[in-house]
Amino acid sequence: QSALTQPASVSGSLGQSITISCTGTSSDIGAYNYVSWYQQHPGKAPKLMIYDVSNRPSGVSNRFSGSKSGNTASLTISGLQAEDEADYYCGSYTSSSTLDIFGTGTKVTVL
Amino acid sequence: EVQLVESGGGLIQPGGSLRLSCAASGFAVTSNFMAWVRQAPGKGLEWVSVIYSGGDTYNADSVKGRFTISRDNSKNTLYLQMNSLRAEDTAVYYCARRSQEYSYGLGYWGRGTLVTVTS
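Protein sequences appear in the order of chains A and B. Quick note on the working numbering: the first sequence kicks off at 106 and runs consecutively. Quick note on the working numbering: the second sequence kicks off at 16 and runs consecutively.
1) May I ask which residues mark the beginning and end of the beta strand (DSSP E) holding R34(B)?
2) From the DSSP output, which residues share a beta bridge with Y73(B)?
3) Can you find the residues in the same chain that come closer than 8 Å, C-beta to C-beta, to P112(A), ignoring five residues on each side of it along the sequence?
4) Is the beta carbon of V140(A) less than 8 Å from the beta carbon of S197(A)?
5) Quick one: list the residues of chain B neighbouring L109(A), beta-carbon separation under 9 Å, in chain order.
6) Is A75(B) buried or exposed, if buried means 16 or more other CB atoms sit within 10 Å of its CB?
7) Unbroken beta strand (DSSP E) runs of length 3 or more, entirely within the region 81-132 of chain B: which are they?
8) Using the C-alpha atoms, what's the distance from W51(B) back to V63(B)?
9) The region 144-164 of chain A: which residues have C-beta closer than 7 Å to a C-beta of chain B, in chain order?
10) Output, in chain order, the set of chain A residues within a Cβ distance shorter than 7 Å of W124(B).
11) Do three or more CB pairs link the region 84-101 of chain B to the region 30-39 of chain B at distances below 8 Å?
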């Protein structure tokens with residue numbers, strides 16, 4: 106039950122766009138469109154931002170978008186705002202385990 | 016409104032037992048996929064145990080044989096019985112729900128309860 110691979114940190118200036126990658130295998134991201142993204146502020150519970158690769162739950166800003174190519178999924182945050190500073194985790198269904206898997210997590214810093 | 020409220024965490028010695036509870040409101044626990052997800056201090060998210068609406072349960076390898084997930088229909092509550100606790104089980108434990116509206120995404124989370132295993 107190994108984790109999906111994310112960069113440890115990504116930073117960007119206010120108003121810029123950033124992209125977080127999430128690399129898996131042909132048993133998870135590469136095979137299924139069940140990729141989710143979660144935002145977590147310090148001391149808070151995770152919040153679902155994207156599900157099924159590119160769908161946003163109601164109430165989530167359209168500045169957040171998701172995509173996938175091969176074994177890698179991506180989360181793009183456009184028009185970066187101060188409140189976007191948080192940890193972000195990807196997640197995916199996997200056929201190689203009875204449990205889904207999370208990514209290693211990425212700390213987003215707004216400069 | 017959907018709410019998940021965890022309780023039962025605390026300080027426990029290695030080898031001890033704890034039972035976590037997750038009181039749900041706004042939906043029926045028995046009709047949904049429910050999960051326990053934990054986060055060790057300064058670390059990432061980790062799946063612990065899940066229970067499907069049909070009753071099937073699955074556990075992470077790290078807790079197999081020690082943790083048991085269950086639910087009480089009458090109390091609309093999810094549980095996690097944790098036995099033979101180890102220092103590496105120290106974490107915030109979150110209860111989460113997967114609903115049809117968000118497919119495989121965990122759309123609803125509780126605030127979490129902290130379990131600290133230390134002598």
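Ideal Cβ placement from N, Cα and C applies to all residues, glycine included. These numbers were taken from a predicted model, which means no experiment stands behind them.
According to the data block:
1) L33 to S40
2) Beta-bridge partners of Y73(B) (DSSP): V65(B).
3) I125, S126 and T211
4) yes
5) Result: empty, since nearest Cβ-Cβ is about 10 Å, beyond 9 Å.
6) Burial call: buried.
7) Positions of the beta strand (DSSP E) runs, each at least 3 residues long and wholly inside the region 81-132 of chain B, are given as 82-87, 92-97, 106-113, 121-124 and 128-132 in order along the chain.
8) 5 Å
9) A150, P151, L153, Y156, D157 and P162
10) A150 and P151
11) At 8 Å Cβ cutoff, the stretches touch.
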